[in-house]
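Chemist: One structure, pasted below without further comment.
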Amino acid sequence: MKQILIDAYGAPEQVARCADIADVGAPGPGEVVFDVLYFPINPADLAFCRGQYRLRPPLPATPGAECVGEVIAIGAGVSGVAVGDRVINLQRENWTQRRRVPATDVIVLPAGVDPKQAAMLRINPPTARLLLTDVVALSPGEWVLQNVANSAVGRLVIRMARARGWKTVNIVRRQALFDELTALGADACVLEGDDLAQQVKAATGGARIRLGLDAVGGRATTLMSDCIADEGTVCHYGSMSGQEAVIPRHALIYRGVTLTGFMLGRFLARHPADEVQAIYRELAADLLAGTVDAPIDGIHPIEDIREALIHAQQGGRSGKVLVQANARA
Ligand SMILES: NC(=O)c1ccc[n+]([C@@H]2O[C@H](COP(=O)([O-])OP(=O)(O)OC[C@H]3O[C@@H](n4cnc5c(N)ncnc54)[C@H](OP(=O)(O)O)[C@@H]3O)[C@@H](O)[C@H]2O)c1
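Going by this note's numbering, the sequence shown opens with residue 1053, and the numbers climb by one from there.
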């Protein structure tokens, strides 16, 4: 079977290779074995390859925070999972063709879910969901400001906010995205730039915005903090610029703006296990209903991991880059 290995930390397309390794073997008691169908390349996976992620395991290592698979064998004592089920995996190291994991670490998907979309279910949908519900308690009709609005997370924030009765003002890097995001449910779109506060004020009619979602860092965080109301919150959850989140002391001291951070695992851990399962079941149902799907810019076979990694690092994409690990009819 094939598995992606990185032998050093560095430029993802230079350090990753598709290796032939021994099969995972038959499932033991309580385990399942599944064939990986697709995995996405997320910014955190790229950071992992570069050695810039919070996890930096000994090498060689296999990246991959998420995937979708099809169960091909189950061990003794496993219930609730059957051969042929499509599953997502709560463990890492998913850039591979086959996994053997405890049955308790897989979530069975409803029949009929698009496997390409399901490959992107584990991380971004619950991230968008918890960013909206678990950072600030928003009242109906309130505005949320976010950057990277055309990212997978950003698009989900737009749709989930609209569905729950909150309005979004969305920062992007090119005007060509405005119509597309408006069609998704964005209430306003603005361009990144030094005049952000004026643009946001004009677009929202001077609304009092209590929550800003920042996945850029550096000056973008500073500019966002200028748009947030006194006593409001900027939640930093990613750093596409590679820079630290900075907000000025006048925002912190005089206006009481809070700079906080979000990490999915940390926030999910605040929910009991049955609630986490329920969140994923709800998101899987949303996926089946077509309300949390994400655009895909291209799909590469696992053997072409280097091309896939180059593709995933290109700006201006119109969706995620997926890798197909095993073909199915
Ligand atoms: N903390 C958590 O638990 C958590 C969980 C999930 C995701 N995240 C973070 O959420 C962010 C989005 O993830 P995703 O998977 O949705 O991303 P994605 O779909 O791959 O999209 C990447 C986005 O980043 C933008 N971008 C790239 N470089 C930028 C820069 N220097 N300045 C401003 N924007 C830039 C791109 O804009 P263009 O189209 O203009 O290139 C695009 O909107 C990432 O930072 C990721 O690490 C965090």
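Ideal Cβ placement from N, Cα and C applies to all residues, glycine included.
#1: Beta carbon of ALA1155, beta carbon of VAL1120: below 7 Å?
#2: My output table needs one value for GLN1295: the three-state DSSP class, helix, strand or coil.
#3: Can at least three beta-carbon pairs, one atom from the region 1165–1181 and one from the region 1364–1371, be found at a separation below 8 Å?
#4: Check VAL1135 in the structure and name its three-state DSSP category.
#5: Starting from the N-terminal side, write out each stretch of the alpha helix (DSSP H) that is 4 residues or longer and does not extend beyond the region 1304–1338.
#6: Count the other CB atoms within 10 Å of the CB of SER1191; is the residue buried (16 or more) or exposed (fewer)?
#7: Exposed or buried, which one is MET1212 when buried takes at least 16 other CB atoms within 10 Å?
#8: Considering just the uninterrupted stretch of the alpha helix (DSSP H) at GLY1367, what are its terminal residues?
#9: Give me, in chain order, the residues of the same chain whose beta-carbon lies closer than 8 Å to that of GLN1365; leave out the 5 immediate sequence neighbours on both sides.
#10: For ILE1126 and VAL1084, what's the separation of their Cα atoms in angstroms?
#11: Do ALA1303 and SER1277 have their C-beta atoms closer together than 7 Å?
#12: At a cut of 8 Å, does the region 1267–1274 reach the region 1293–1303 through at least three beta carbon pairs?
#13: Starting from the Cα of ILE1093, find the closest Cα among PHE1230, GLU1145, GLN1329 and ARG1214 and give me that residue.
#14: Judging by CA-CA distance, which residue of ALA1117, GLU1122, TRP1195 and VAL1165 is the nearest neighbour of TRP1147?
Modeler: The short version:
#1: no
#2: coil
#3: no
#4: coil
#5: 1316–1320
#6: exposed
#7: buried
#8: Counting along the chain, GLY1367 falls outside any alpha helix (DSSP H), and DSSP gives it neither H nor E.
#9: PRO1064, GLU1065 and LEU1098
#10: 4 Å
#11: yes
#12: yes
#13: GLU1145
#14: ALA1117
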